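One structure below.
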Amino acid sequence: MGAHTVISSRGITLLALVLSMSAARVVAQDAGVPEVADAGTAGPSEAPPDDPAIAADEPEADRPDPAEEAREVLRGAHLGELATRTRTALQAARPLLRATDSITDIQRRLPRTEADLERLGHPSRLARISQLSQRELADLRQEWRRYGTMLEEWQSTLVERAGELEQARGELVELRRQWATLRRASEAAGRPEGRHERIVTSLEQSRGAATELDQQRELVLGLQDRVSELAIVVEDVTEQLRAASAAYRDRLFVRDAPPLWQGLRGAATSGEERSLAAQARESFLSSNESPEELAAALAPGVVRQLFVFALLAGLVLIIQRRSRAWPEGDETLAIARAIVARPFSTALLVTLLATPALVRHAPVALYDVVFFLLLVPLARVLPPLAPPHVRPILYFLVGFLFVNRIESTMPEGTELRRLVLLLECVIAIAALALWAQRTKQNDRLTAVLRGVAVTAAIMLALGLVANALGYFFLAEMIGVGTGFSVYTGLTLVAAVVVAQALLDLAIRSDAGRLSHAFREHGTLIHRRVLGALSFAAFVLWAFGTLDGYGVGASLWKWAAETLENQWDVGNLHLSLGAIVAAIGIVVVTHYAARCIRFLLEIDVLPRMRLEPGVDGAISGITRYVIYGGGLLLALAALGIDASQIALVAGALGVGIGFGLQNIVANFFAGLILMLERPVRIGDFIEISPLVGTVSRIGLRSSTVRAPDGAEVIVPNEKLISREVVNWTLSDRKRRVEVRVGVAYGTDPHRVLEILRRVAQEHAEVTKDGVPPSASFVAFGESSLDFALQFWTSDFGEAGRIRSEVGLRVHDALTEAGIEIPFPQRDLHVKSLPEGFVAKKA
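Residues in the sequence shown are numbered from 744 upward in steps of one, following the numbering used here.
Listed below in structure tokens is the structure:
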């Protein structure tokens, strides 16, 4: 019952009258009008009570009694129901009267966050953004991005909490209003014993809870305001950092150092000359974080990483111990055997790859450490899996990445960095070109690595030329980008190799052998999953390469602006992003439907005891439900709402009326076939003139395979609207009949006995239910005709069983000396052509 229906409408009317009269007395007292003895008879617009006209028209006995009216209100109020609602609301509000752990955490961390952002966003620091190096900008962006994500999470928590408080407060305010109304009625009725105390207690409880909720609500709203102010600051600084990065990219094509033939000098300008040794010390000591801040940022992530490393190492050691029982010549386990042979390197590789998930928004210094550590498992895991002629280039790439990362951590624009970059490019170009020229193998792996080596050599050659001409920042960007591209590629290859090993182990494990899909289609699953992982690795490598060369952010910004462009088609607002999202949803839906159908048909439904054809119906309906859901999501991504879908459905209805009725009829007939199942997959049907086995039931048509192997496409509407003979609807039993004729003069009783005995002796003739029967049929022209009838439980083998029983009948009759006659004809010649006999002689 709603909040406004607890007090009856009549009671509310009477109560309003009482309150109006009470207010009238107050007004009269303020105006100096004497109050009459009867509180229920005077009003602000009434004549004095001694007016004879009023007294004559309205006797005093007929005037309503305010106390009686108030008691009527109390009797009409559903106090029990209102008390139950109040108790429920108080119980629901009780958890909201104290701050949650998340709100307390925000209260505790917010002052420190405000102080940190005030320090980081001080005007003196922001004024130096344009002077920061690319590495310092990246570190600063990462730090502000961490604060932005944290503030977004806080804002989401506060908004959710404020909504809960507002909802509970609104319920209590409404209950407090009703209890206040009842209290005034109770006071007017003389405060009836029992009821008045109950009303007052409930009013105080609801009022007190509402007050406490108001306090919590004000606290949350205050926190929201402070968090919103910080979010605005973070967004403003982030935009300044984007502008600084864009300005940094503008320096790429500006000559910022003298050419090499004019001397080896860096791009940085300084008031004092620094030696190479001083620059080297600066490259290892420069960092945006103090040692204390760096240790505080690294400690939680390092602890999680150590735990994950220990767990993975233990699991790989257990697998290594079990690998001794693997067959030696099994090529499918070669990669898995090589991976588990290095348990600590494998565990370290996976742990370091999971760093972004274990340490969110980590400082750049942590990723530098991860980069150097990751080179160790790369050098341990990848080369042993490669052919001997490929291993040298892999070891060289690992060494190149080590030098490249050291070079990228040096202060920008220094002579030391320019010299290291110059030597790095020269050595890498020579080594890559030499390996590509001397390697003669043409296998797929070698061809891919040769292409990578040539491409890297070309890019480094461009960087070398830019360095020589004085475009130091351009050369630096090319060198760092090439190194990051190679590093990303090797890392993703290692990740795919580890994933392939895990997949091989899953397919060959005891648990995997329990799966029909792994046992029967393990090779197919391995190929498809490996292809998907390779494609995902290629996409990630492409994105990483773009980011490494410094064009990823600009490209993403351009792509986002392009995808957000909208145009109107009637009342529909379309954008390229919506179209791409809709296409992506359709593609994902298609592959998801195929995958789920594969799992249902191969691994799930065969384990269930289902009637023939039920598994096909479940699989088909599930697939169409997934397609339907994907279609609705795609339409929603395009911005098409329910009213527009109804409009499209109406247009389709018109089209159906003109030419699509057959398609729609077949569609609904397909649904009937799947749900009602009058015809199932595997049924042997006869629909004149077609006879065959149903091999597929689709949404529009079904496939019937004829006995001669031809596959006939039959519209579903024919299977519903026409007469269909289904030989296997309820069971697969089939009655078989063998006819035989014997010569006249044969004992028919003996023939019947032989026929019954032959049928009884056949193993595939059903003995239960209806036994085999033999009967005399007719007196033929040249034989006595008999029929042998029997049942078999295997419909598909009825033809073979008929042939075997027929042969045994022939053998039994021959053995019994009973002749099977053939038709004979007597010819009576009345006349012959003259000379026919003489010629014949």
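Beta carbons are placed, not taken as given, at the ideal position from N, Cα and C, and that holds for glycine. Since we're looking at a predicted model, the values are computed, not measured.
For residue i, the three-state DSSP class (helix, strand or coil)
{"i": "F1519", "result": "strand"}
{"i": "L1353", "result": "coil"}
{"i": "A1201", "result": "First, the amino acid is wrong: residue 1201 is Ile here, not Ala. Helix at I1201."}
{"i": "E947", "result": "helix"}
{"i": "N1469", "result": "strand"}
{"i": "I1428", "result": "strand"}
{"i": "G1057", "result": "helix"}
{"i": "P1458", "result": "strand"}
{"i": "H1269", "result": "helix"}
{"i": "L1527", "result": "strand"}
{"i": "D957", "result": "helix"}
{"i": "V1481", "result": "strand"}
{"i": "L1442", "result": "coil"}
{"i": "L1317", "result": "strand"}
{"i": "R1448", "result": "strand"}
{"i": "W1069", "result": "coil"}
{"i": "D1311", "result": "strand"}
{"i": "T827", "result": "helix"}
Selected residue, minimal CA-CA separation from residue i, among the options
{"i": "A1449", "options": "E1429, A1335 and F1216", "result": "E1429"}
{"i": "L1283", "options": "G1560, D1474, L1203 and T1231", "result": "T1231"}
{"i": "F1411", "options": "G1435, S1445, L1101 and R1477", "result": "S1445"}
{"i": "A842", "options": "R828, I1415, L825 and E907", "result": "E907"}
{"i": "R969", "options": "L901, S1088 and E1547", "result": "L901"}
{"i": "L1076", "options": "S1518, Q1243, E861 and I1364", "result": "Q1243"}
{"i": "L1095", "options": "I1369, E930, F1115 and R1493", "result": "F1115"}
{"i": "D979", "options": "Y890, H1259, V1124 and Q959", "result": "Y890"}
{"i": "L1319", "options": "S873, E1304, I1250 and R1187", "result": "E1304"}
{"i": "P1127", "options": "S1066, I1062 and A1237", "result": "A1237"}
{"i": "L1137", "options": "T1234, H939 and D1426", "result": "T1234"}
{"i": "D1426", "options": "S1473, A1196 and D1384", "result": "S1473"}
{"i": "L1188", "options": "L1159, V1133 and V1141", "result": "V1133"}
{"i": "I1345", "options": "L875, A1335, D1358 and A1453", "result": "D1358"}
{"i": "V1508", "options": "R1065, P1491 and E1540", "result": "E1540"}
{"i": "W1178", "options": "T1157, I1149, E1167 and F1139", "result": "F1139"}
Residue i classed as buried or exposed, judged by whether at least 16 other C-beta atoms fall within 10 angstroms
{"i": "W897", "result": "buried"}
{"i": "F1307", "result": "Reading off the sequence, residue 1307 comes out as Glu, not Phe. So E1307 counts as exposed."}
{"i": "N1459", "result": "buried"}
{"i": "S727", "result": "The structure shown does not extend to residue 727, since the chain is modelled only from 744 to 1584, so the question has no answer here."}
{"i": "S945", "result": "buried"}
{"i": "N1210", "result": "buried"}
{"i": "Q1184", "result": "exposed"}
{"i": "S1464", "result": "exposed"}
{"i": "A1285", "result": "exposed"}
{"i": "D1247", "result": "buried"}
{"i": "P1566", "result": "exposed"}
{"i": "W1299", "result": "exposed"}
{"i": "L1353", "result": "exposed"}
{"i": "E1150", "result": "buried"}
{"i": "W1534", "result": "buried"}
Residues near residue i in its chain [Cβ-Cβ closer than 8 Å; skip 5 each side]
{"i": "R1551", "result": "V1501, E1504 and H1505"}
{"i": "L956", "result": "A836, L839, L840, L908, A911, R912 and L915"}
{"i": "S1088", "result": "V1119, P1120, R1123 and V1124"}
Expected contact under 8 Å - CB spacing of residue i and residue j to nearest Å
{"i": "G1291", "j": "F1227", "result": "3 Å"}
{"i": "R1475", "j": "D1528", "result": "Between D1528 and R1475 the Cβ distance is about 30 Å, and since that is not below 8 Å, they are no contact."}
{"i": "L1217", "j": "L995", "result": "5 Å"}
{"i": "T856", "j": "L973", "result": "7 Å"}
Spatial neighbours of residue i in its chain, beta-carbon cut-off 7 Å, leaving aside the 5 residues before and after
{"i": "P835", "result": "It should be noted that the sequence gives Ala, not Pro, for residue 835. So the qualifying residues of the chain are A911."}
{"i": "Q1309", "result": "H1316, L1317 and S1318"}
{"i": "L984", "result": "I872, L880, L883, R884 and W887"}
{"i": "A923", "result": "L946"}
{"i": "A798", "result": "Its pLDDT being 40, under 50, A798 is placed unreliably in this model, and the value from its coordinates should be taken loosely. Closer than 7 Å at Cβ, skipping near neighbours: no residue."}
{"i": "A1090", "result": "F1052, L1055, A1056 and V1059"}
{"i": "A953", "result": "R912, L915, V916 and R919"}
Residue i beta carbon near the ligand FMN (any heavy atom closer than 8 Å)
{"i": "A1056", "result": "Questions concerning the ligand FMN fall outside what the structure shown contains, since it holds no ligand whatsoever."}
6 Å CB neighbourhood of residue i in its chain, flanking five on each side removed
{"i": "P1564", "result": "A1486, S1525 and S1526"}
{"i": "R1340", "result": "S1362 and R1366"}
{"i": "L1498", "result": "A1517 and L1531"}
{"i": "T1471", "result": "D1426, F1427 and F1538"}
{"i": "I1061", "result": "none"}
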